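The numbering of the sequence shown is numbering that gives the first Met the number 0, which starts it at 0 and goes up by one. Glycine is no exception: its CB is placed at the ideal position from the N, C-alpha and C atoms. Note that this is a predicted model, so its numbers are computed, not measured.
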Amino acid sequence: MQDNALTVKDLTKRYQGFTLDHVSFDVPRGSIVGLIGENGAGKSTAINAVLGLVQKDGGSVSFFGRPGEELDGAARSQIGVVFDGSNFPELLTPARLNKVLKGSYPSWDEGKFFSLLEQLGLPQRKKIKEFSKGMKMKLSIAAALSHQAKLLILDEATSGLDPVVRDDILDLFLDFVQEEDHSILVSSHITSDLEKVADYIVFLHQGRVVFCKPKDELIYRYGILRCGEAQFQALRREDMEAFRRQDYQWDVLVADREAAARRYPKAVVDPATIDDIMLLYVKGERP
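Structural data, given as structure tokens:
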């Protein structure tokens, strides 16, 4: 069996003033992969190019071991897509939407759809235009989960939602990947959500991949070494991932905080969040 639900290799897309530059990453089966980066880093461009919504200028995309260009209708129905915002005609009700989608997807599971509506507290006969943003997002995800999708691709699916709704959606993601052949690629600027659910993190900066790493490695091994000027000058450059000068100290990103604490016992070495790591790469300097 192909180990990856999605394989992206050297994906390139050029616009005036921006290039998505040879982006490569995998989404292993049974995993959640978080795509992070500052605004304008290329997250949405990458997702649009992966889905074929914009024509790529180079590279390849494979789903379930097959080139994206060769997917038939049955294979495409195994990919569920959710974008930020409403994805359905606003005058429909969920009950009416069910009939539309039932005619669009041979694999549509009506029972699952209505079960998810009940689970998520969504009324069947209320028009979508009357739904809140959180309700619309829940509806989009319920629909994506109801046509036997094996891969979900979500662009800022939790953006602008309150913490309770976001937690409900994250629980749905975790339930979905309990099936070992189910996978999720989700872009988000809310890195705390990804800390809860992601297995791997792909970090884009200025159109390029900075790293693809297991989330646990980032959370449990990376750290921020804080020190004064004299000690900073004495640090080995190979111990630094990135660094930034603050008002009274230097903040240095290290890939192994326990090793850094042993090597530099007079420095303070704190755990790093994904936000901390991203901020130091974006705002700081590289050795």
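To the nearest angstrom, how far is it from the Cα of F87 to the Cα of E257?
The C-alpha of E257 is placed about 50 Å away from the C-alpha of F87.
Below 7 Å CB to CB, which residues in the same chain sit around I78 once its five sequence neighbours on both sides are set aside?
Closer than 7 Å at the Cβ level, and outside the excluded window around I78, lie F62, A148, L150 and I152.
Limits of the unbroken beta strand (DSSP E) element including K12:
N3 to Y14
L121 to A142 span [Cα, whole Å]:
12 Å
The region 24 to 38 / the region 202 to 210 touching (three or more Cβ pairs under 8 Å)
yes
DSSP three-state call for V99: helix, strand or coil?
helix
Hey, how far is the Cα of K282 from the Cα of V253?
15 Å
Buried or exposed by the 16-neighbour rule on C-beta atoms within 10 Å, applied to S103:
exposed
For I35, does the three-state DSSP call read helix, strand or coil?
strand
Less than 8 Å between the C-beta atoms of I46 and D154, yes or no?
yes
Which one of A48, P105, V99 and L91 has the shortest CA to CA distance from D71?
Here the closest residue by C-alpha is P105.
Quick one: Cα of L279 to Cα of K126, how far?
Answer to the nearest angstrom: the Cα atoms are 45 Å apart.
Among M134, L169, K265 and D180, which has the Cα closest to the Cα of L234?
K265
By the DSSP assignment, the alpha helix (DSSP H) with L217 in it spans what residues?
K214 to Y219
Between the alpha carbons of E68 and K55, how many angstroms are there, rounded?
12 Å
Is the beta carbon of S139 less than 8 Å from the beta carbon of V53?
no
If distances are taken between C-alpha atoms only, which option among I273, D198 and Y247 comes closest to G222?
I273
Measure the alpha-carbon distance for M0 versus Q177 and round it to whole angstroms.
Note that M0 has pLDDT 42, beneath the 50 cutoff, so the model's placement of it is unreliable and the number below is only indicative. Each residue's Cα considered, the two are about 18 Å apart.
For R165 and E109, the rounded distance between their alpha carbons
Answer to the nearest angstrom: the Cα atoms are 25 Å apart.
If contacts are defined as beta-carbon pairs under 8 Å, then G29 and E179 qualify, I think. What distance do you get, rounded to the angstrom?
With a Cβ gap of about 4 Å, G29 and E179 count as contacting.
Distance check for D174 and D192, CA to CA, integer angstroms please.
15 Å
Given this structure, state the Cα-to-Cα distance separating P162 from A229, to the nearest angstrom.
Each residue's Cα considered, the two are about 43 Å apart.
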